[in-house]
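Enquirer: Be aware that the sequence shown starts at 60, since it is given in the working numbering, and climbs by one per residue.
Each residue gets a CB set at the ideal place from its N, CA and C atoms; glycine is no exception.
Since we're looking at a predicted model, the values are computed, not measured.
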Amino acid sequence: MKHNIKITIILLSMFIITQFIGLAVFNADVFHIEQEVNGTIQKVSNPHLYWIQPPEVQEDNDFFGMFPSLLIAFIIAIVLLFLLSKFELKFILKGWFFLIICIALFLAIYAFEKIIPIKIDSTWAVIIPALIAIPLAFIKVFKQNFLVHNITELFIYPGIAIVFVPILNFWTIIILLVLISIYDIWAVWHSGIMQKMAKYQINKLKIFGGFFVPYVSKKMREKIKKLKAIVKKSKKKQKFKKIKVNIAMLGGGDIVFPIITSGVILNIAKNNKFPEFLSNLARPLFGISGLTTALFIIFGATLGLTYLFFFSEKKKFYPAMPFITGGIFIGLLLSYVLGFLF
């Protein structure tokens, strides 16, 4: 087991909480508002979010047409991150992280404003999330507060996911999960690029994209207690060796892709955009609202991650996405089977 049971439960709990926050954020549908048009209430594009509004995709062919552009964007982002890390351009990297965190937090907080049963003026509905997101992003990136880091991580990935969900359908998200899993295997087990970037982020930038939980072993805690006792008894200044701290991490990609998958399923069911050649099979798979399948996706992803945590070894790096993707596919299969039975 890679980490002790307490730390493993903390990581898994944060992972699950983020997934459910994602469901709430998708339900808010931040990119649309209800407006009266010719005497009827219709959903129209949200004018306050025009600057981040994803394109409206109507046909299945449009999804496949946009997919190569999405892959290229992911590749460019990864290459840029690697190059900026390699040449230690800290200011640019921190600025990049700050901007992304601000936007993601803004969208997540804006979504919760739409959920709460309190009417907020449209102008203030934009100002309030900005007033919350900017200071939190600043503390996270430039002040390095442990609690702020992990609390904001719970909302950042749902905020990122809602931008990508509208431009993906069932088949493109399946292909994306497979490709990301293959990349994760290569980046961790073959090239080692993932470990290098993670170490650079933690040691140099003091930032990490994902959950980050430092802890000390039971043996080290006992040593710390003894050292405290020595310090209390002695009036002289004591010199001690550095304390070794273990770090439990879960990367941002491992968190965000299950959220995106759940969002795609909800979006398909909500807009009744079942693929024509899968129409008869898709309906029992997604259920009436898609929520059942989304819950199975969360269950499956958590199952895959739990398997990884319990059977991985200490001081070894593992790609999490293959396990999470496998769990997602199991969740989809279970939903499909149960959809036919019930």
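Just grab the DSSP bridge partners of F156 for me.
Expert: Within the sequence shown, the letter at position 97 stands for residue 156. F156 is not bridged to any residue.
Enquirer: Who are the Cβ neighbours of I76 in its own chain at under 8 Å, not counting the five residues just before and after it?
Expert: Mapped onto the sequence shown, residue 76 falls at position 17. Counting only Cβ-Cβ distances below 8 Å, and skipping sequence neighbours, we find L213.
Enquirer: Cutting at 7 Å between CB atoms, please list the residues of its own chain near H91, excluding the five before and the five after it.
Expert: Working through the sequence shown from its first residue, we reach residue 91 at position 32. Excluding sequence neighbours, H91 sits near K102, V103, S104, N105.
Enquirer: Am I right that I244 and P378 are in contact with their C-beta atoms under 8 Å? What's the rounded C-beta distance?
Expert: Working through the sequence shown from its first residue, we reach residue 244 at position 185. Working through the sequence shown from its first residue, we reach residue 378 at position 319. Yes, I244 and P378 are in contact; Cβ-Cβ is about 5 Å, under 8 Å.
Enquirer: Closest to G386 by CA distance: which of T352, L158, F157 is it?
Expert: Mapped onto the sequence shown, residue 386 falls at position 327. Looking at the Cα atoms, T352 is the closest of the given residues.
Enquirer: Taking 8 Å as the cut-off, does the stretch 176-186 touch the stretch 221-231 (at least 3 CB pairs, one atom from each stretch)?
Expert: no
Enquirer: Just how far apart, CA to CA, sit Y242 and I318?
Expert: By one-based count along the sequence shown, residue 242 stands at place 183. By one-based count along the sequence shown, residue 318 stands at place 259. Spanning the two alpha carbons is a distance of roughly 19 Å.
Enquirer: Helix, strand or coil, according to DSSP, for E115 in the structure here?
Expert: Counted from its first residue, the sequence shown places residue 115 at position 56. Three-state DSSP puts E115 in coil, outside helix and strand.
Enquirer: Which class does V272 belong to by DSSP, given the choice of helix, strand or coil?
Expert: Translated into the one-based positions of the sequence shown, residue 272 becomes position 213. Strand, per DSSP.
Enquirer: With a threshold of 8 Å, are at least 3 pairs of Cβ atoms found where one atom belongs to the stretch 78-91 and the other to the stretch 160-179?
Expert: Two segments are said to touch when three or more pairs of C-beta atoms, one from each, lie closer than 8 Å; by this definition the stretch 78-91 touches the stretch 160-179.
Enquirer: Just mark V224 as buried or exposed, buried being the case when its beta carbon has 16 or more other beta carbons within 10 Å.
Expert: Translated into the one-based positions of the sequence shown, residue 224 becomes position 165. Burial call: buried.
Enquirer: What would DSSP say about V237, mapped onto helix, strand or coil?
Expert: The count along the sequence shown starts at 1 and reaches residue 237 at position 178. Look at V237 here: in three-state DSSP terms it is helix.
Enquirer: Would you kindly work out how many angstroms separate the C-alpha atoms of I198 and V207, rounded to a whole number?
Expert: Taking the first residue of the sequence shown as position 1, residue 198 is located at position 139. Taking the first residue of the sequence shown as position 1, residue 207 is located at position 148. Approximately 7 Å, taken between the alpha carbons.
Enquirer: Using CA coordinates, which residue listed in I215, Y259, I356 is at the minimum distance from V323?
Expert: Position 264 of the sequence shown, counting from 1, holds the residue named residue 323. For V323, the closest C-alpha among the options I215, Y259, I356 is that of I356.
Enquirer: Mind the definition here: the stretch 263-277 touches the stretch 304-317 only if three or more C-beta pairs lie below 8 Å; say whether that holds.
Expert: yes
Enquirer: Taking 7 Å as the threshold (C-beta atoms), are F370 and G390 in contact?
Expert: Here residue 390 is taken as the residue at index 331 of the sequence shown, counted from 1. Here residue 370 is taken as the residue at index 311 of the sequence shown, counted from 1. For G390 and F370, no; Cβs fall outside 7 Å.
Enquirer: Which parts of the stretch 86-146 are runs of the beta strand (DSSP E), unbroken and 3 residues or longer, counting only runs that do not cross its ends?
Expert: 91-96, 99-104
Enquirer: Distance, Cα to Cα, I135 vs F122?
Expert: Against the sequence shown, residue 135 aligns to sequence position 76. Against the sequence shown, residue 122 aligns to sequence position 63. Whole-angstrom Cα-Cα distance: 20 Å.
Enquirer: Near N39, what residues of its chain come up, given a Cβ to Cβ distance below 6 Å and the 5 sequence neighbours on each side ignored?
Expert: With the chain running from 60 to 401 in the structure shown, residue 39 is simply not present.
Enquirer: Quick one: is M60 buried, meaning 16 or more other Cβ sit within 10 Å of its Cβ, or exposed?
Expert: In the sequence shown, residue 60 corresponds to position 1, counting from 1. So M60 ends up on the exposed side.
Enquirer: On the three-state DSSP scale, how would you describe L309?
Expert: One-based indexing of the sequence shown puts residue 309 at position 250. The answer is strand: DSSP assigns L309 an E or B state.
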